Amino acid sequence: TTWQATALTLFPEMFPGSLGCSLAGRALREGIWSMETQDLRNHGVGRHRNIDDTPFGGGAGMVMRPDVVSAALEDVDPAGRPVIYPTPRGRTLTQSDVRRYASGPGVVVLCGRYEGVDERVLEARDIEQVSIGDYILSGGEVAALVLLDACVRLLPGVMGSDSSATEESFSGGLLEYPHYTRPARWEGHDVPDVLLSGDHGAIARWRHEMAEMATRQRRPDLWAAYAARAGEDISRPA
Ligand code: ADE
């Protein structure tokens, strides 16, 4: 049961890219997941195999043709996998989306130029539009690699046994506590005493406090959601 990734792209050489290295690369070679690409150019129309055209209504850039995208999709067996279109117009990708994708049979990712794909094919086919953040990439490929990296690290056997614990802390809705290693004193900066105390209860409490502090200071959006949930838990009778 290999987790299957398919990328529809004008740049198939970008896959698996950096995911061929490190832990994801080893998992790829071990067959924990697989990567295939569909070259959108193969479905282009006319002598020049055009895949895009100028936008109706005018304006800058080019738009990917719906007939080309549809033909490329027809050539892929989705096998129960969601089709995902990375775009800054999508809803923001979250760790719970990543968990959902990773626990399924895989993903099909349609990579477009950022000016976009004709809206009609996105509506006519069942395609999830997902953004990886509020900035503009030159195309969907790097966003697809981000999504695949986030999924692959959750597949059983890819990371060490501590991965579920690491995962746990983010799903708790807080940023992680800060980490320290040797040397205990570096350029005059000491590691916090509590971490050298051997008191595991005190360490756990300190780490939780630091996670809360970091979240409150850096991510008021996450903090508000966390505080709201904590309030609910307290007020709700068991
Ligand atoms: N394509 C271009 N920019 C993107 C973004 N921020 N997220 C997902 N796909 C994109």
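Under the UniProt record's numbering, residue 239 is the last one in the sequence shown; the count climbs by one each step, no gaps. Using N, Cα and C, we set each Cβ at its ideal position, and we do this for glycine too. The structure presented is a predicted model; accordingly, all values stated were derived computationally and were not measured.
Quick check on the DSSP output: the beta strand (DSSP E) that includes P87 runs from which residue to which?
84–93 is the extent of the beta strand (DSSP E) around P87.
Is DSSP giving A28 helix, strand or coil here?
helix
DSSP state of V159 mapped onto helix, strand, coil:
Coil.
Do L146 and L20 have their C-beta atoms within less than 8 Å of each other?
yes
Secondary structure at D76, three-state DSSP: helix, strand or coil?
In this structure, D76 counts as coil in the three-state DSSP scheme.
Straight-line gap, A228 to A61 (C-alpha atoms, nearest Å)
44 Å
Decide if G45 is buried, meaning its Cβ has at least 16 other Cβ atoms within 10 Å, or exposed.
Buried, because 16 or more other Cβ atoms sit within 10 Å of the Cβ of G45.
Hey, is Y115 close to ligand 1, as in C-beta under 7 Å from one of its heavy atoms?
yes
Taking just the CA atoms, how far does E188 sit from T95?
Each residue's Cα considered, the two are about 38 Å apart.
Same chain, Cβ closer than 6 Å to V118, five either side skipped, listed in chain order:
The residues M65, V70, in chain order, have a CB closer than 6 Å to that of V118 in the same chain once the five nearest residues on each side in sequence are set aside.
Once you ignore the five residues that flank S132 on each side, which residues in its own chain have a CB closer than 6 Å to its CB?
P89, G91, T93
Could you check whether the Cβ of S132 sits closer than 7 Å to any heavy atom belonging to ligand 1?
yes
Buried or exposed by the 16-neighbour rule on C-beta atoms within 10 Å, applied to P179
exposed
R50 versus R27 - alpha carbon distance
36 Å
Please identify the residue among I52, G107, G105, E124 whose C-alpha is closest to the C-alpha of G113.
I52
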